[in-house]
Amino acid sequence: MSVKTDRNEQWLAELTALPTVAGHEDRVVEWIERWVTRRKDVRMTRDSAGNVVLKSTVRTRKTPVYLTAHIDHPGFVVTSVDRSRRVGVEFRGGVHTPYFDDARVDLFDGDDRVHRGTVTEFDHKTSTGSVRLDRRSGSLAAGDIGRWAFASRSLGVRNGRLHAAGCDDLAGAAAVLAAFDDVRKNAPQVRVLLTRAEEVGFIGAIAACKAGTIPERAELIVVENSRAFAAYPVGSGPVVRVGDASTAFDRELTNQVTRLVRSYADGHEGFRWQRKLMDGGSCEATAFGAYGYRATSLSLPLGNYHNMVDIDGVRGGSRPARVAPEFVSLDDFHGLIELLAHVAPRLGEAGEASLLERLDAIYESERLVLD
Ligand SMILES: [Zn+2]
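The sequence shown begins at -12 in our numbering and counts up by one.
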C-alpha cells in the first residue's frame, strides 16, 4: 500500500471513531482544526451556523468548487442526569423504534470518559427516553452525547471493509479532506464545506444557504454515505449519484461529473464506479439545489445504514432489530477519493462536447432515416 493510501485510511479510521451528533460536532471540528494547523496553505473559517469552510490561501478567479460532507451522525444527547443512575436522553437522527429496546449505549462525558448503560424507555414521538447507567456517575452532564455501545471486536478492518461507529458521513469527510489535500496546490478553486446537523434535516446546509456561506456561482459535489441495496452493494464502487429519495440533482453538473468519471475510468482499467439514483435516503444536494445552488453528489454504498443491522426484522421478519457498526468498502473509499481528485479541478473545463452538441451531431448524420 502506498503512503497516501495508509494516510487516507488513518484519517478514515480516526474520523469514523469520533462520537458526534447533530448540534454537538465539536470533537470532529477539533480534529479538523488540528489537521488544518499542520497545513500552512489552508485557511479554516466557521460560518454563523458553525459549519466549517476550508480554502487554499492562494487566490484564484476560477469558479469555486466545494466538496461537502456532513460531520454529524445519528446519536444521543444527554438532557438530564439525576442523582440515581437515570439519565434523560434525546435521540437525533433516523433510527426505527425497535432498535432502542433494551439497547446498550455509551455516553461520553466532557473528558471523553465512557459511561455505559441501557435504554429503559423511549418515546418515538418525541425521540426522548431514559438510560440506566451500569454505574453511578458524577461526571455526566446535560449536553454530553452518546451512541450505541459496540463490542470492540465488531470494529475495525475485516475483508477490505471498515466497520466503524459512524461512517455516515465521517467517511465522506475523510474522503473530502484527502481529495482537497491532493488537488488544492494545482486547483486552489477547490474548497471544502463540512456541515453540521444533517441528520435532523440538513439544518447546517440550509443555514449555509441562508447565510451566504457559499458564493452563488459555486458548484457543489456533496459526498455522502447512502444505504446500500442489491443494485449497488458495498464494494461495487463509488456512485455518481444522480438523485435521492426526494429529487434529481443538477442536470448539467451531474452530466459533467459523469463525463469526467467515465473518461477517468476509461484510462484506469478495472476501476469500479456506477451511476445510480440512490433513494435509500435524502442527501444535502437536495437542500443546496432547492436553495438555488448547482449541486450533485458522489456517494459511497453504506452497510448497516444508521447502525441498523436488520431492517427487515422491523418490518415483520423473524430476526429482532439489532444495532451494529456501519461499514464501507476500503476500495470504494479510495476510488471515491480518486474520482473527487480527478473531477473537482476539471469542472467547467471546456473540451468534451456537451450532450446537446453530441445529440445534434447524431441528428445531422442520421436525419435521413426520417425521409
Ligand atoms: Zn445519515
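Just so you know, even glycine gets a beta-carbon here, dropped at the ideal spot from N, CA and C.
For residue i, count the other beta carbons within 10 Å of its own beta carbon; 16 or more makes it buried, fewer makes it exposed. Which is it?
i, result
"R302", "Residue placement at R302 cannot be trusted, given a pLDDT of 47 that sits under 50; the coordinates are not used to answer."
"E409", "With the chain covering -12 to 358 only, the question about residue 409 has no answer from this structure."
"Q243", "buried"
"G125", "exposed"
"Q176", "buried"
"S141", "exposed"
"G116", "buried"
"R171", "buried"
"Y350", "exposed"
"G216", "For clarity, residue 216 is Phe in the given sequence; the question names Gly instead. So F216 ends up on the exposed side."
"H293", "buried"
"P332", "buried"
"K27", "exposed"
Under DSSP, the alpha helix (DSSP H) around residue i begins and ends at which residues?
i, result
"F137", "Careful: F137 lies outside any alpha helix (DSSP H) and carries neither H nor E."
"E351", "L342 to E353"
"I190", "I190 to A198"
"A162", "L157 to V170"
"T66", "Where T66 is concerned, there is no enclosing alpha helix (DSSP H), although the beta strand (DSSP E) it sits in stretches over G62 to V68."
According to DSSP, residue i sits in a beta bridge with which residue or residues?
i, result
"F87", "BP columns for F87 are empty, so no partner."
"L316", "Note on residue identity: the sequence assigns Ser, not Leu, to residue 316. Answer is R148."
"G75", "S67 and S117"
"D335", "Looking at the sequence shown, residue 335 is not Asp but Gly. In the DSSP output, where bridge partners are listed per residue, G335 has none listed."
"V92", "G104 and W135"
From which residue to which residue does the beta strand (DSSP E) around residue i run?
i, result
"N212", "E206 to R214"
"S114", "Neither: S114 is in no beta strand (DSSP E) and is coded neither H nor E."
"A56", "V52 to H57"
"E108", "V101 to D110"
"A182", "The residue you asked about is not Ala; residue 182 is Thr in the sequence shown. V177 to T182 is the span of the beta strand (DSSP E), which, as asked, contains T182."
"K363", "Past the boundaries of the shown model lies residue 363; the chain is included only from -12 to 358, so the question cannot be answered."
"G230", "V226 to G230"
Taking only runs of the alpha helix (DSSP H) that begin and end inside the segment 236 to 314, which ones reach a length of at least 4 residues, in chain order?
Qualifying alpha helix (DSSP H) stretches, in chain order: 238 to 253, 271 to 277 and 298 to 301.
If we require 4 or more residues per run, which alpha helix (DSSP H) segments fall completely within the segment -2 to 33?
Taking only runs of at least 4 residues, the alpha helix (DSSP H) segments lying wholly in the segment -2 to 33 are 13 to 24.
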